[in-house]
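Participant: Before I ask anything, let me first share the structure, which is written out below as structure tokens.
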Amino acid sequence: MRWFLFLVALASASAQRKPEPGCQWVQWESEDLGLRMSVQKCEGRAAREFKVLNNKIRMVNPGQEAAMGNAVIEVWEKPPRQSVQEAINRRFYPKMTSRQQMGCVVTDAGEKFPLGDPNKQVFQITPNALYKSEADKIRESEPGAEVCGLYGELDQKQYFEYHPTESKIRYLFIRLGLDTPMFDERSIELAAK
312 MRWFLFLVAL ASASAQRKPE PGCQWVQWES EDLGLRMSVQ KCEGRAAREF
362 KVLNNKIRMV NPGQEAAMGN AVIEVWEKPP RQSVQEAINR RFYPKMTSRQ
412 QMGCVVTDAG EKFPLGDPNK QVFQITPNAL YKSEADKIRE SEPGAEVCGL
462 YGELDQKQYF EYHPTESKIR YLFIRLGLDT PMFDERSIEL AAK
């Protein structure tokens, strides 16, 4: 797949936090996905690269193929008039067990994952009130259990993001993980595509 990466030095003041030691914030862009964000460019053991494979942005060690990396962002499309909640339901609920489908709902997660921009919306697939106690018991016996599927609320930080003022047809799945991410989640912008 053809992919294009563009790195330009970016003042660290534009990122929401200080870079890790030995790193600096730079602007990263994928024309194929129509997405740009600030990422940490590091030297030595902390060095990572961001590469695109299909609809996924993967973080890899220098020189590795994109298929070897962990997907940190997925870009999905929907019809312009379809709500993002309905798009999430249609795409991700079929991948869940029937119990998860009945017990999980798409919820607003803007307070849990504040992006600092009222034009950006955040959602998560979480256990509903009836399923919550059962889901908690499952997590007690099996830490990290996917009680709402792979794209649902987990012990790592992950959520869906929608920027309706930038794109009516694209939404994102963001996987921050357990550690501080090597990209600034508040800097993500969807460009015209």
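Under this note's numbering, the first residue of the sequence shown carries the number 312, and numbering increases by one thereafter.
Backbone N, C-alpha and C define an ideal beta-carbon position, used for all residues, glycine too.
The model shown is predicted, which means the values in this text are computed figures rather than measured ones.
(1) Short of 7 Å in beta carbon distance, which residues of its chain neighbour Asp466, apart from the five on each side in sequence? Order them along the chain.
(2) From what residue to what residue does the alpha helix (DSSP H) around Leu441 run?
(3) Quick check on the DSSP output: what are the complete beta strand (DSSP E) runs of length 3 or more inside the stretch 366-450, in order along the chain?
(4) Would Thr437 be called buried (16 or more neighbouring beta carbons within 10 Å of its own) or exposed?
(5) Assuming Asn400 and Val417 make a contact with CB atoms under 8 Å, what is their CB distance in whole Å?
(6) What residue from Pro492, Arg481, Leu487 and Val458 has the CA that sits closest to Lys389's CA?
(7) Quick check: the Cα distance between Tyr404 and Thr491, rounded to an integer number of angstroms?
(8) In chain order, what residues of the same chain lie with their CB nearer than 6 Å to the CB of Phe424, ignoring the 5 residues before and after it?
(9) Does DSSP put Glu360 in a helix, in a strand, or in coil?
(10) Can you list, in chain order, the residues of its chain with a C-beta nearer than 6 Å to that of Gln335? Leave out the 5 residues immediately preceding and following it.
(11) State yes or no: is the C-beta of Gly414 within less than 8 Å of the C-beta of Asn439?
(12) Beta-carbon within less than 7 Å of Lys479's beta-carbon, same chain only, minus the 5 sequence neighbours each way: which residues are those?
(13) Please determine, among Ala358, Ile384, Met370 and Gln435, the residue with the shortest C-alpha to C-alpha distance to Ala398.
(14) Please list, in chain order, all residues of the same chain as Arg497 whose beta carbon is under 7 Å from its beta carbon, the five residues on each side excluded.
(15) Where does Met292 land, buried or exposed, given buried means 16+ other C-beta within 10 angstroms?
Facilitator: Judging by the given coordinates:
(1) If you number the sequence shown from 1, residue 466 lands on position 155. Excluding positions up to five away in sequence, the list reads Pro454 and Gly455.
(2) Within the sequence shown, residue 441 is the residue found at index 130, counting from 1. Note, Leu441: alpha helix (DSSP H), Ala440 to Ser452.
(3) 367-371, 381-388, 415-419 and 432-438
(4) One-based indexing of the sequence shown puts residue 437 at position 126. Buried: at least 16 other Cβ atoms inside 10 Å.
(5) Your numbering for residue 400 matches position 89 in the sequence shown. Your numbering for residue 417 matches position 106 in the sequence shown. That belief holds up - the Cβ atoms of Asn400 and Val417 are roughly 6 Å apart, short of 8 Å.
(6) In the sequence shown, counting from the first residue as 1, residue 389 sits at position 78. The residue with the shortest Cα to Cα distance from Lys389 is Arg481.
(7) Indexing the sequence shown from 1 puts residue 404 at position 93. Indexing the sequence shown from 1 puts residue 491 at position 180. Going by the C-alpha atoms only, they are around 28 Å apart.
(8) If you number the sequence shown from 1, residue 424 lands on position 113. Correct list, in chain order: Val433 and Tyr470.
(9) Numbered from its first residue, the sequence shown carries residue 360 at position 49. Reduced to three states, the DSSP call for Glu360 is strand.
(10) Counting from 1 along the sequence shown, the entry for residue 335 is found at position 24. Same-chain partners within the cutoff: Lys352.
(11) For the purposes of this step, residue 414 is identified with residue 103 of the sequence shown, where counting begins at 1. For the purposes of this step, residue 439 is identified with residue 128 of the sequence shown, where counting begins at 1. For Gly414 and Asn439, yes; Cβs fall inside 8 Å.
(12) Here residue 479 refers to the residue found at position 168 of the sequence shown. So the qualifying residues of the chain are Pro391.
(13) Position 87 of the sequence shown, counting from 1, holds the residue named residue 398. Checking every option, the nearest Cα to that of Ala398 belongs to Gln435.
(14) Position 186 of the sequence shown, counted from the start, is the residue given in the question as residue 497. Same-chain partners within the cutoff: Gln327, Leu426 and Gly427.
(15) What is shown of the chain runs 312 to 504, which leaves residue 292 out entirely.
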